[in-house]
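Residue numbers for the sequence shown follow the UniProt record's numbering, so the first one is 1 and each next one is one higher.
Cβ coordinates follow ideal geometry from the N, Cα and C atoms, glycine included.
Please read these numbers as outputs of a predicted model, since none were measured by experiment.
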Amino acid sequence: MSASGETAAAIAARLSAAGLRPRVEEHTQFTTVEAEVPDTLSADSWREVLDAVAVADRFGLLATSLHGRTLWAVVRKTVPTTGDVGGPGYQR
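As structure tokens, this is what we get:
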């Protein structure tokens, strides 16, 4: 398992321990973790959930009136080297 996969699995395990049902999905350049967040989540559970996703490269909460609240986290698979930061057109 890749480092990003291990990090995503750890996030998912912590979200499960907080009572959520996470979904992990592998992509080419990153791994995502998503979980529906119930309205009844306690303040202590929120702290656990936020601590869990804090190790991700990006995370957020999507809230809509139609679909409720979805917590998401993204863990990148690779860190760009100095020459790759700007993309192929910006390499030295």
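Nearest neighbour of residue i, chosen from the options [CA to CA]
{"i": "Ser4", "options": "Gly68, Asp57, Arg14, Thr40", "result": "Asp57"}
{"i": "Glu25", "options": "Ala18, Ser65, Ser2", "result": "Ser2"}
{"i": "Gly50", "options": "Thr64, Pro38, Leu71", "result": "For the record, residue 50 in the displayed sequence is Leu; it is not Gly. Looking at the Cα atoms, Leu71 is the closest of the given residues."}
{"i": "Pro38", "options": "Ala13, Arg69, Glu6", "result": "Arg69"}
{"i": "Glu34", "options": "Ser45, Thr40, Val53", "result": "Val53"}
{"i": "Arg23", "options": "Ala73, Thr40, Val55", "result": "Ala73"}
{"i": "Asp44", "options": "Thr7, Ala17, Ala8", "result": "Ala17"}
{"i": "Ala10", "options": "Glu48, Leu66, Ala63, Thr64", "result": "Glu48"}
8 Å contact criterion, which residue i and residue j should meet: CB distance rounded
{"i": "Val75", "j": "Thr28", "result": "Contact flag wrong, Cβ pair sits at about 13 Å."}
{"i": "Glu36", "j": "Arg21", "result": "7 Å"}
Entirely enclosed alpha helix (DSSP H) segments - the segment 13–67, minimum 4 residues: 43–53
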